[in-house]
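Numbering (the numbering used here), first residue to last: 108 to 359.
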Amino acid sequence: MTSLIETHDHGPIRELRLARPPVNALDPALCLALRDALTQAAQDGVGGLVLAGGPKVFSAGLDVPHLLSLTDPAALRAAWDAFFAAARALAAAPMPVVAALAGHAPAGGCVLALCCDYRVMAAGDYRIGLNETQVGLVAPEGIQRLLRRVVGARQAERLLVGGLLLDSDEALRLGLVDALAASDEVSLEARRWLETLLALPRAPMLQTRAIARADLIAALEPDTVDLDRLIDAWNAPDTQAGLQALAARLRR
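Here it is, written out as structure tokens:
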């Protein structure tokens with residue numbers, strides 16, 4: 108069975124690459140594989156992590172056709188739980204993590220990137236953002252906090268309400284991503300940034316990082332995410348219409 112997470116070590120830096128073609132749609136298996144890979148990296152004492160995806164799509168977000176196929180409410184909740192388990196594992200990783208976005212990162216792909224310390228995106232016609240309202244979903248408060256801490260309250264409101272996806276240049280301008288690179292150099296640029304952190308005295312760097320990221324971890328607490336509310340809204344007519352339309356586009 109092919110691994111859903113490819114692992115490549117570069118000295119003290121480990122690259123975790125999402126490997127569920129064609130677009131790394133986040134189904135429960137991929138989410139839990141990412142959670143487990145993060146746990147293993149911590150046990151192995153890895154100095155820093157690069158989280159990468161495909162060359163044109165980092166991750167297209169949650170696997171909507173899979174979610175729509177789940178008629179059992181418990182299975183639907185388990186799928187969302189798996190996604191947030193991956194997000195929480197990224198946020199709580201004990202070492203710095205850089206998102207290497209060599210392609211598009213909408214919705215759940217953007218959430219994973221927001222859980223990282225730093226984001227390097229491919230220059231060019233690639234998009235990133237939280238486009239939930241475009242498909243009939245409400246971004247939970249916890250996810251909204253992730254975006255606000257990166258781009259500020261006013262810009263986050265504009266992006267969230269409109270469900271806007273930004274091209275790489277605009278994402279850099281607003282601070283949604285931290286650097287741009289050629290698509291085939293995104294992972295290399297991510298490693299270079301990590302090397303600057305790993306050159307610092309390690310304990311002070313990690314302790315300062317933990318203080319700075321406490322609000323990120325708090326944003327993903329279950330009470331803040333309020334998964335019950337999200338699932339209750341899943342069957343709302345507007346939500347189902349938007350999701351079915353998205354699934355139809357994906358099938359084409």
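Here a beta-carbon is modelled for each residue, glycine too, at the ideal position from N, C-alpha and C.
Per DSSP, cross-strand counterpart(s) of Val258: Answer is none; Val258 lacks a bridge partner.
6 Å Cβ shell around Ala260 - same chain, five flanking residues per side excluded: none
Contacting residues, own chain, Cβ-Cβ under 8 Å from Ala194 (five flanking each side not counted): Val218, Leu219, Cys222 and Leu327
Stretch pair the segment 186-202 + the segment 131-145: three plus CB contacts closer than 8 Å: yes
CA-to-CA distance, Gly236 to Arg252, given in whole angstroms: 14 Å
Distance, Leu305 Cα to Glu239 Cα: 36 Å
Endpoints, beta strand (DSSP E) assigned at Met228: Tyr225 to Ala229
Per-residue DSSP class, three states only, for Arg113: Position check: residue 113 holds Glu in this sequence, whereas Arg was assumed. In the structure shown, Glu113 sits in a strand (DSSP, three-state: E or B).
Neighbourhood of Met108 by C-beta distance below 8 Å, restricted to the same chain and skipping five residues each side: Low confidence applies here, because Met108 scores a pLDDT of 36, under 50, leaving its location unreliable and the question unanswered by this model.
Expected contact under 8 Å - CB spacing of Gly243 and Gly349 to nearest Å: 3 Å
Buried versus exposed, by CB contacts within 10 Å (16 or more), Arg265: exposed
DSSP bridge partner residues for Leu273 (one or two, in chain order): Ile235
Close Cβ partners of Ala167 (< 6 Å) along its chain, the five nearest in sequence each way excluded: Val130 and Ala132
Integer Cβ distance of Leu273 from Leu281, believed to fall under 8 Å: 7 Å
In chain order, each beta strand (DSSP E) run of at least 3 residues that lies wholly inside the segment 283-347: 286-288
Residue of Ala230, Tyr225 and Asp335 minimising C-alpha distance to Val245: Asp335
Of the residues Asp333, Asp330, Gly161 and His211, the one placed nearest Val284, counting alpha carbons only: His211
Reduced DSSP secondary structure (H/G/I, E/B, other) of Leu213: According to the sequence as given, residue 213 is Pro; it is not Leu. In this structure, Pro213 counts as strand in the three-state DSSP scheme.
As assigned by DSSP and simplified to three states, the class of Ala132: coil
Span of the alpha helix (DSSP H) around Ala207: Ala207 -> not in any alpha helix (DSSP H); beta strand (DSSP E) instead, spanning Val204 to Leu208.
Assigned exposure category for Val268 - 16 Cβ within 10 Å defines buried: exposed
Helix, strand or coil at Val171 according to DSSP, with G and I counted as helix: helix
Backbone CA spacing between Ser275 and Val257 [nearest angstrom]: 15 Å
Helix, strand or coil at Ala148 according to DSSP, with G and I counted as helix: helix
Expected contact under 8 Å - CB spacing of Leu145 and Ala206 to nearest Å: Rounded, the Cβ-Cβ distance is 13 Å, inconsistent with contact.
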